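Everything on this sheet refers to the single structure shown next.
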Amino acid sequence: MKALLDKLYMQNSLEKDGIVYLLKNLDEEHKENLFEYSHKTRLKYYGNKVFMRGLVEFSNICKQDCLYCGIRVSNPGVERYRLMPDEILTCCQEGYQLGYRTFVLQSGEDFWYTEEILTDIIKRIKERFQDTAITLSIGERSEEVYRNLFKAGADRFLLRHETASRELYQKLHPTMDFDNRRDCLKTLKKIGYQVGAGFMVGLPGQRAEDLAEDLIFLKELEPDMIGIGPFIPHNATPLKDAIGGTVEDTLVMLAFTRLLVPDCLLPATTAMGTLNPKGREMALKAGANVAMPNLSPTNVRAKYELYENKICTGDEAAHCRQCIEKRINSVGFQVDMGRGDSFKYQKKCYNNKY
Ligand code: SAH
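Numbering (the numbering used here), first residue to last: 81 to 434.
Next comes the structure, spelled out in structure tokens:
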């Protein structure tokens, strides 16, 4: 086991069999070893910095019907909302004053926000806050729309692949298509976005082999950002009786990811903080280097309920900012309020310039 971990650490690669073997057999001693390696790798690439992103959850209206998600179209119990462009700008204004230089605009797949409306929002944010980056997390759209949003000024796009198992993906996403999701990621990359993929840990029926596939997919795609969190069952979904993912298993996947894609931006997700009050701190220690505090207006936060018991729904943005900074410092890391572009992207800019 030690030899496999050493290879993973030294070469930042490992074939599927090795990953599966480790996932199935890791004991406490080797887990510690894994976390030590992922921590060292993170320090080598990013030092003790943690990048901050301000998250605006601007609509919980969604046309998709993902079995795990609390805001799926067939959950009638959700009080739906949409933030108007002016309201989104107000959130960014507040975030800018708190020091954020990246805004993550996330929503369900809500086509009320046409290309035109989204373009207008992006342009207004970029005009007003010139030294910021915009990350979109709005689901699947056509290549043309992706292109025009990029032209309007969007810099990054988060679209988790959710699971690399075709069979599991099709079961969980009755209204979506496995190949199309992957094509979207490739298209986004081709257009020039900094791209984020990622997956959930602990989905019903997910095996070690499937998680190994997730890691291999990420290694091949080489995304700039990778979002990984535990699946948390929601009471008003068909998966309400599922067991869900654990913090421990997710930490292992974060550590593997840091080792396989060493220069990636890897958030300590809110889902981790939901399962364990120290979940995000533990994620940072296992190799995560991004935090995404909430900038959404407090009156809509609880309504953006992908899973239950979501944390911080009553907190003002300023409170979240301070709370996260304290947590980050408590485990020996420092907040970085810069745009925090990915290394790959910085290299690309450098190569284009010189
Ligand atoms: N509509 C956008 C944003 C999705 S919400 C898109 O398609 O990309 C962001 C992420 O939350 C999802 O990609 C999914 O991985 C995660 N998520 C949804 N429901 C969840 C649950 N019950 N537990 C944990 N994570 C969940």
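We put the CB at the ideal spot given by N, CA and C, even for glycine. No experiment lies behind these values; they were computed from the predicted model shown.
Of all the options the options, which has the alpha carbon lying nearest to the alpha carbon of residue i?
i    : options                : result
G412 : K129, I218, Y125       : K129
F258 : V281, Y161, S245, T349 : S245
S410 : H314, M280, E361, T393 : E361
E437 : P313, Y89, T326, V275  : There is simply no residue 437 to check, as the chain begins at 81 and stops at 434 in what is shown.
P62  : T317, I271, G98, R204  : Here the chain covers residues 81 to 434 and nothing more, so residue 62 does not appear.
I312 : T337, T378, E388, T330 : E388
G272 : C264, K87, G278        : C264
A335 : T350, T317, G367, D321 : G367
L198 : K231, G98, P357, A316  : K231
D235 : P373, Y249, T215       : T215
S376 : E385, T255, I168       : I168
G420 : Q210, M372, R181, I408 : R181
L252 : D329, A277, P284       : P284
K124 : R240, N92, F138        : N92
E196 : V225, Y430, G150, E112 : V225
I404 : E207, P357, D107, H241 : P357
K96  : Y161, G157, A288, P347 : A288
K104 : G418, Q286, W192, E220 : Q286
L147 : L106, H399, R208, T255 : T255
T350 : C400, M81, N113, D190  : C400
What three-state label does DSSP hand residue i in the structure shown?
i    : result
E396 : coil
Q402 : helix
Q137 : A small fix is needed here, since residue 137 is Glu in this sequence, not Gln. The answer is strand: DSSP assigns E137 an E or B state.
D200 : helix
Q414 : strand
F191 : coil
R419 : coil
R262 : helix
M256 : coil
A288 : helix
R152 : coil
R442 : In this structure the chain extends from 81 to 434, so residue 442 is not present and cannot be described.
G98  : helix
L375 : coil
T317 : coil
N431 : helix
G157 : coil
D211 : coil
Y249 : helix
N409 : helix
N356 : coil
N92  : coil
Y176 : helix
Y425 : helix
For the beta strand (DSSP E) holding residue i, just list the boundary residues, first then last.
i    : result
G278 : 274–281
F237 : 236–238
K390 : First-last for K390: undefined, no H or E at that position.
V130 : 129–132
Identify the residues that DSSP records as bridge partners of residue i: which are they?
i    : result
P310 : V281
S217 : Q186
P347 : V370
E242 : F279
M81  : Paired residue(s): none; M81 is not in a bridge.
M362 : According to DSSP, M362 bridges with nothing at all.
R162 : S139
M305 : G276, L345
Need the endpoints of the alpha helix (DSSP H) that residue i sits in, please.
i    : result
L147 : Premise fails: L147 is in no alpha helix (DSSP H) and is neither H nor E.
G325 : That residue, G325, is in no alpha helix (DSSP H); it is neither H nor E in DSSP.
Y125 : 108–126
Y226 : 223–232
N379 : 378–381
Would you mind giving the Cβ-Cβ distance between residue i and residue j, rounded to the nearest angstrom? I have them listed as a contact below 8 Å.
i    : j    : result
L291 : M333 : 6 Å
V370 : F131 : 5 Å
Q173 : S217 : 20 Å between Cβ atoms; not a contact.
Y117 : L298 : In fact, because the Cβ distance is near 17 Å, the residues do not count as touching under 8 Å.
G134 : F183 : 5 Å
G282 : I323 : 7 Å
L268 : P310 : 25 Å between Cβ atoms; not a contact.
T243 : D294 : 7 Å
K383 : E159 : 5 Å
G278 : H314 : Going by Cβ atoms, the distance from G278 to H314 rounds to 19 Å, so no, they are not a contact pair.
Q144 : V153 : 6 Å
I'd like to know whether the C-beta of residue i is nearer than 8 Å to at least one C-beta of chain B.
i    : result
K299 : Considering every chain present, this structure includes no chain B. It has just one protein chain.
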